[in-house]
Amino acid sequence: MDPTSLLVPSARSGVYEGPVVRYAFARTVILPPLVLAALGLGSGCSGAASPPADPPCPSAEAPAGPEAAAAPAAPAAPRAAPSGPAPPSPAEAQVFLAGVDRELRRLRLQAARAAWVNQTFITDDTDAISASAEEESMEYLTRTMKAARRFDGLALPGDLARQLSRLKISTTLPAPSDPAERAELAALSVDMMSLYGKGKYCPPGKAERPGTARPGAQAAGAPRCLAIDELSDILKTSRKWDELLEAWTGWHAIAPPMRPKFERYVALGNKGAAEIGFADVGALWRAGYDMPPDAFEAEAERLWGKLKPLYDELHCHVRARLRGIHGKDRIGEKAPIPAHLLGNMWAQDWSNVYALMEPYKGQPSLDVTRKLKAQKLDEKRMVALGERFFTSLGFDPLPATFWERSLLKKPADREVVCHPSAWDVGDRGDLRLKMCTEITEEDLLTVHHELGHVYYYHQYHELPILFQAGANDGFHEGIGDTLALSVTPAYLKTLGLIDRVPEGEKGIINFLFKQALDKVAFLPFGKLIDQWRWDVFSGKTRPADYNKAWWALRLRYQGVAPPVPRTEADFDPGAKYHVPANTPYTQYFLARIYQFQFHRALCKAAGHTGPLHACSIYGNQAAGEKLRAMLSLGASRPWQEALRAMTGESEADPGAMLEYFEPLWRWLKEQNKGEVCGW
Numbered sequence: 001m002d003p004t005s006l007l008v009p010s011a012r013s014g015v016y017e018g019p020v021v022r023y024a025f026a027r028t029v030i031l032p033p034l035v036l037a038a039l040g041l042g043s044g045c046s047g048a049a050s051p052p053a054d055p056p057c058p059s060a061e062a063p064a065g066p067e068a069a070a071a072p073a074a075p076a077a078p079r080a081a082p083s084g085p086a087p088p089s090p091a092e093a094q095v096f097l098a099g100v101d102r103e104l105r106r107l108r109l110q111a112a113r114a115a116w117v118n119q120t121f122i123t124d125d126t127d128a129i130s131a132s133a134e135e136e137s138m139e140y141l142t143r144t145m146k147a148a149r150r151f152d153g154l155a156l157p158g159d160l161a162r163q164l165s166r167l168k169i170s171t172t173l174p175a176p177s178d179p180a181e182r183a184e185l186a187a188l189s190v191d192m193m194s195l196y197g198k199g200k201y202c203p204p205g206k207a208e209r210p211g212t213a214r215p216g217a218q219a220a221g222a223p224r225c226l227a228i229d230e231l232s233d234i235l236k237t238s239r240k241w242d243e244l245l246e247a248w249t250g251w252h253a254i255a256p257p258m259r260p261k262f263e264r265y266v267a268l269g270n271k272g273a274a275e276i277g278f279a280d281v282g283a284l285w286r287a288g289y290d291m292p293p294d295a296f297e298a299e300a301e302r303l304w305g306k307l308k309p310l311y312d313e314l315h316c317h318v319r320a321r322l323r324g325i326h327g328k329d330r331i332g333e334k335a336p337i338p339a340h341l342l343g344n345m346w347a348q349d350w351s352n353v354y355a356l357m358e359p360y361k362g363q364p365s366l367d368v369t370r371k372l373k374a375q376k377l378d379e380k381r382m383v384a385l386g387e388r389f390f391t392s393l394g395f396d397p398l399p400a401t402f403w404e405r406s407l408l409k410k411p412a413d414r415e416v417v418c419h420p421s422a423w424d425v426g427d428r429g430d431l432r433l434k435m436c437t438e439i440t441e442e443d444l445l446t447v448h449h450e451l452g453h454v455y456y457y458h459q460y461h462e463l464p465i466l467f468q469a470g471a472n473d474g475f476h477e478g479i480g481d482t483l484a485l486s487v488t489p490a491y492l493k494t495l496g497l498i499d500r501v502p503e504g505e506k507g508i509i510n511f512l513f514k515q516a517l518d519k520v521a522f523l524p525f526g527k528l529i530d531q532w533r534w535d536v537f538s539g540k541t542r543p544a545d546y547n548k549a550w551w552a553l554r555l556r557y558q559g560v561a562p563p564v565p566r567t568e569a570d571f572d573p574g575a576k577y578h579v580p581a582n583t584p585y586t587q588y589f590l591a592r593i594y595q596f597q598f599h600r601a602l603c604k605a606a607g608h609t610g611p612l613h614a615c616s617i618y619g620n621q622a623a624g625e626k627l628r629a630m631l632s633l634g635a636s637r638p639w640q641e642a643l644r645a646m647t648g649e650s651e652a653d654p655g656a657m658l659e660y661f662e663p664l665w666r667w668l669k670e671q672n673k674g675e676v677c678g679w
């Protein structure tokens, strides 16, 4: 996750998503009088430590003792005309922000520890602890965001003005000021996350065998229940229509209990957003991109429009190959693709169907998973491979506490949220990874992605806390993926993970096709999740139409359809982690675009010549220095400036992605001749 909410659990879905369980901050605290005044919570008088311009506070009591009785009366001063409060000064803004920085650091530590325990040991008690920490955080941050409006219009130095601007968008879930509603919203947030984390499908007629009971199962003979990782394995490996369908429908059945909670969460979140000056939660989310919210929505649509032609060609070819496997009666000539056939629970990553449609057989194998298992790597060594890439660029090794405190393997004795996430727990250097690692190529790339978050945290940890975030959230998600683009066949061969580097046109097409099943296939899914939520938050999509609107967008953008009829008794958006986790998703769409732009710039710094898809910056210190310079900016500068610092460009450019896949795009167009593309 990009921790723009200031708490830093990062999480990702599928191969590369990265993010985020987001938490706000809050706790009622006793602040110095000047800070109280700056917050608008005190009298405005400053006591002995005030600057000379501020009078001391008058005593609330009459003087006592004989000296007081003998004291002559002071002459009456002329009564001044009543006036409003003095306008705030830059010095007050500086004191205010210093107090906010101190308190947010403390609250981040408190809330991150509570969230870590909750997600690595899910119980009713840890749910309650996490909800309490989140409620306190919401109260403080909501109150402070309102207080910051006192400085609106004040001429301030650039860094102070930007910190105030960041403060106003520093939560993804603004809470209402009413204490009961705030507590309710915090509880709803944790409840939805726990419903997801504990979700299982229990196939009828199947029971646990002795010695195989999993967390949540009763014992031998109890229902054999499958969690998301086991159901996802079925989607990845099975080729049987009915088995795929059962896994897909089984997982999606966990979400309907979230629906009334989600509807209430939307209402309360929108109320909180209105209190801090936003039209709704979606407008708040879109305000984090250094441009007006409406302009950002148009920018996202512009980027998608540039990349849609490439996606359409990929969709056309994949559908034709699936039709050859499952038959024309199940996949029509111009029909959307049934969502359970693409190797992933959400049809966001199609790389697991590569073996079904490898363009050219007989080329050097790209089966990295087989080699990883042959080398008998464990979870720790998988992560060490990712660390090795970063240290080759000149980054520091991971601290000892990372290895001591991370959760790298799914425990056998308790419920955890397996969704991979990178954490900065708030104490300097307390960096962690939470991941139920499997020894697969997918998880090797995921490790690179999550370590991208970890190293980003480390590079900006000296900045004020309001700048401890990516230049925008898409930057945070894109960094690890940028490094993963350097995991080329040539690099994999140096690790002994493939035997030969594919050469010639056929080998290149195989490699790029496999990449496209991940990178290109994801684009419309990355775009539509927040499009759905923006419409929900704005009221354009009514609660009665949640599921209908969800599938309308999936058809429009992805060209996929549910494999069985869906109704408003279902809540299919809730089956995707980021919806109950309140994690904005456009960051992943942006990351898919930024990573190729970053990759192109770093390859240039490394002196690479030749096709972009053949570049690896592994071991190149010049590229590492350029990357570190951008990461160290955090959110202290607008993202356009951070982008310019690394690439020389100040606008997101889909052209780098199109350049990377250009040989494949030409090949797809040739393959699709005679096909009826579109849906």
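Note that full-length UniProt numbering has the sequence shown beginning at 1, numbered continuously upward.
For glycine and all other residues, C-beta sits at the position ideal for the given N, C-alpha and C.
(request) Tell me Lys434's beta-bridge partners as DSSP assigns them. (result) Translated into positions along the sequence shown, residue 434 becomes position 434. Looking at the DSSP assignment, Lys434 forms a beta bridge with Leu407 and Ser421.
(request) Would you tell me roughly how many angstroms separate the C-alpha atoms of Glu675 and Tyr660, rounded to the nearest one? (result) Within the sequence shown, the letter at position 675 stands for residue 675. Within the sequence shown, the letter at position 660 stands for residue 660. The straight-line gap separating the alpha-carbon atoms of Glu675 and Tyr660 is approximately 25 Å.
(request) For Val368, name the three-state secondary structure that DSSP assigns. (result) Counting from 1 along the sequence shown, the entry for residue 368 is found at position 368. When secondary structure is reduced to three states using DSSP, Val368 falls in the helix class.
(request) Report yes if the C-beta distance between Arg432 and Arg405 is below 8 Å; otherwise report no. (result) Taking the sequence shown and counting its residues from 1, the one referred to as residue 432 is at position 432. Taking the sequence shown and counting its residues from 1, the one referred to as residue 405 is at position 405. Between Arg432 and Arg405, the gap from beta carbon to beta carbon is short of 8 Å.
(request) Within 10 angstroms of the Cβ of Glu61, are there 16 or more other Cβ atoms? Answer buried if so, exposed if not. (result) As a working note, residue 61 is residue 61 in the sequence shown. Residue confidence for Glu61 is low, a pLDDT of 34 falling below 50, so the modelled location carries little weight; the figure read from the coordinates is stated next. The Cβ neighbour count for Glu61, taken over all protein chains shown within 10 Å, is under 16; the residue is labelled exposed.
(message) Which runs of the alpha helix (DSSP H) at least 4 residues long sit entirely within the region 115 to 175? Give them in chain order.
(response) Counting only unbroken stretches of 4 or more residues, the alpha helix (DSSP H) elements lying wholly within the region 115 to 175 are 124 to 148 and 158 to 168, in sequence order.
(request) To the nearest angstrom, report how far apart Ala300 and Gly153 are at their CA atoms. (result) By one-based count along the sequence shown, residue 300 stands at place 300. By one-based count along the sequence shown, residue 153 stands at place 153. When rounded, the distance between both Cα atoms is 29 Å.
(request) Within the same chain, show all residues whose beta-carbon is closer than 6 Å to that of Thr212, passing over the 5 residues directly before and after it, in chain order. (result) By 1-based counting over the sequence shown, the position of residue 212 is 212. No answer about Thr212 holds up, because its pLDDT of 38 lies below 50 and its placement is not dependable.
(request) State whether the region 445 to 461 contacts the region 240 to 254, with contact taken as three or more CB pairs (one from each stretch) at a distance under 8 Å. (result) Output reads no: the region 240 to 254 does not touch the region 445 to 461.
(message) So for Ile276, helix, strand or coil by DSSP?
(response) Locating residue 276 in the sequence shown gives position 276, where the first residue counts as 1. If DSSP states are grouped into helix, strand and coil, Ile276 belongs with coil.
(request) Report yes if the C-beta distance between Gly496 and Lys371 is below 8 Å; otherwise report no. (result) The count along the sequence shown starts at 1 and reaches residue 496 at position 496. The count along the sequence shown starts at 1 and reaches residue 371 at position 371. Contact flag set, yes.
(message) Within a Cβ cutoff of 6 Å, which residues of the same chain sit near Met357, ignoring the five residues on either side of it in sequence?
(response) Within the sequence shown, the letter at position 357 stands for residue 357. If you ignore the 5 residues before and after Met357, its C-beta comes within less than 6 Å of the C-beta of Arg321, all in its own chain and listed in chain order.
(request) Output yes or no for whether 8 Å exceeds the beta carbon distance between Leu631 and Gln468. (result) Indexing the sequence shown from 1 puts residue 631 at position 631. Indexing the sequence shown from 1 puts residue 468 at position 468. The answer is no: Cβ separation not under 8 Å.
(request) Please list, in chain order, all residues of the same chain as Thr391 whose beta carbon is under 8 Å from its beta carbon, the five residues on each side excluded. (result) Mapped onto the sequence shown, residue 391 falls at position 391. The residues are Pro397.
(request) Please list, in chain order, all residues of the same chain as Ala175 whose beta carbon is under 6 Å from its beta carbon, the five residues on each side excluded. (result) Stepping through the sequence shown from its first residue, residue 175 is reached at position 175. So the qualifying residues of the chain are Met138, Thr142, Arg182, Leu185 and Gly272.
(message) With DSSP as the reference, identify every bridge partner of Tyr201, one or two as the case may be.
(response) Here residue 201 refers to the residue found at position 201 of the sequence shown. Answer is Leu226.
(request) From the DSSP output, in three-state form, read off Pro338 for me. (result) The residue given as residue 338 occupies position 338 in the sequence shown. Under the three-state reduction of DSSP output, Pro338 falls in the strand class.
(request) Assign Ala635 to one of two classes, buried (16 or more other C-beta atoms within 10 Å of its C-beta) or exposed (fewer than that). (result) Translated into positions along the sequence shown, residue 635 becomes position 635. Result: buried.
(message) Just to confirm, is the Cβ distance from Gln163 to Leu97 under 8 Å?
(response) Stepping through the sequence shown from its first residue, residue 163 is reached at position 163. Stepping through the sequence shown from its first residue, residue 97 is reached at position 97. Yes, they are a contact pair.
(message) Rounded to the nearest angstrom, what separates Pro292 and Leu590 at their Cα positions?
(response) Start at 1 with the first residue of the sequence shown, and residue 292 comes out as number 292. Start at 1 with the first residue of the sequence shown, and residue 590 comes out as number 590. If I take the Cα positions, the gap works out to 17 Å.
(request) Helix, strand or coil for residue 693, going by three-state DSSP, please let me know. (result) Since the first residue shown for the chain is 1 and the last is 679, residue 693 is missing from the structure and cannot be characterised.
(request) Determine the contact status of Ala581 and Met345, defining contact as a CB-CB distance below 8 Å. (result) Taking the first residue of the sequence shown as position 1, residue 581 is located at position 581. Taking the first residue of the sequence shown as position 1, residue 345 is located at position 345. No, the pair does not count as a contact, with Cβ atoms beyond the cut-off.
(request) Leaving aside the five residues before and after Ala575 along the sequence, list all residues of the same chain whose C-beta is less than 7 Å from its C-beta, in chain order. (result) Reading the sequence shown from its first residue, position 575 is the one you call residue 575. Closer than 7 Å at the Cβ level, and outside the excluded window around Ala575, lie Trp251, His252, Ile254 and Ala255.
(request) Buried or exposed for Asp294, please, with buried defined as at least 16 other CB atoms from any protein chain shown within 10 angstroms of its CB. (result) On the sequence shown, residue 294 is found 294 positions in, with the first residue counted as 1. Around the Cβ of Asp294, a 10 Å sphere holds fewer than 16 other Cβ atoms; the residue is exposed.
(request) Determine which residues share a DSSP beta bridge with Ala561 and list them. (result) Within the sequence shown, the letter at position 561 stands for residue 561. DSSP lists Pro338 as the bridge partner or partners of Ala561.
(message) Let me make sure I understand the geometry here. Which of Ala187, Glu230 and Leu307 has the alpha-carbon closest to that of Pro203?
(response) Locating residue 203 in the sequence shown gives position 203, counting from the first residue. From the listed residues Ala187, Glu230 and Leu307, the smallest Cα separation to Pro203 is found for Glu230.
(message) Pairs of beta-carbons, one from the region 481 to 488 and one from the region 612 to 625, closer than 8 Å: are there three or more?
(response) At 8 Å Cβ cutoff, the stretches touch.
(request) Note down, one range per segment and in chain order, each beta strand (DSSP E) of at least 3 residues found wholly within the region 482 to 522. (result) None, since the region 482 to 522 contains no complete beta strand (DSSP E) of that length.
(request) Please go through the same chain and pick out, in chain order, the residues whose beta-carbon is closer than 7 Å to the beta-carbon of Gln595, but skip the five residues on each side of it. (result) Within the sequence shown, the letter at position 595 stands for residue 595. Annotation for Gln595: Gly478, Asp481, Thr482 and Leu485 place their beta carbon closer than 7 Å to its own, counting only its chain and skipping 5 residues before and after.
(message) Using only the alpha-carbon positions, how far apart do Gly288 and Pro502 sit?
(response) Position 288 of the sequence shown, counted from the start, is the residue given in the question as residue 288. Position 502 of the sequence shown, counted from the start, is the residue given in the question as residue 502. Taking the straight line from one Cα to the other gives about 42 Å.
(message) Quick check on Ala26: does DSSP put it in helix, strand or coil?
(response) Along the sequence shown, one-based indexing puts residue 26 at 26. With a pLDDT of only 31 at Ala26, under 50, the local geometry of the prediction cannot be trusted, and the value read off the model is given with reservation. Ala26 falls in the coil class under three-state DSSP.
(message) Quick check: what's the CA-CA separation for Leu512 versus Phe598?
(response) For the purposes of this step, residue 512 is taken as the residue at position 512 of the sequence shown. For the purposes of this step, residue 598 is taken as the residue at position 598 of the sequence shown. About 18 Å.
(request) Quick one: measure Cβ to Cβ for Arg166 and Leu466, integer angstroms, because I've assumed they're closer than 8 Å. (result) Walking along the sequence shown from the start, residue 166 turns up at place 166. Walking along the sequence shown from the start, residue 466 turns up at place 466. Right, their Cβ atoms sit about 4 Å apart.
(request) Kindly indicate which residue of Leu643, Trp550, Tyr140 and Asp329 has the alpha-carbon position closest to the one of Val536. (result) Along the sequence shown, read from residue 1 onward, the residue named residue 536 stands at position 536. Looking at the Cα atoms, Trp550 is the closest of the given residues.
(request) Find the nearest neighbour of Ala656 within the set Lys361, Glu649, Lys669 and Arg600, judged by alpha-carbon distance. (result) Numbered from 1 along the sequence shown, position 656 holds the residue referred to as residue 656. Across the set Lys361, Glu649, Lys669 and Arg600, the C-alpha of Arg600 shows the shortest separation from the C-alpha of Ala656.
(request) Put Phe390 into one of helix, strand or coil per three-state DSSP. (result) As a working note, residue 390 is residue 390 in the sequence shown. It is helical.
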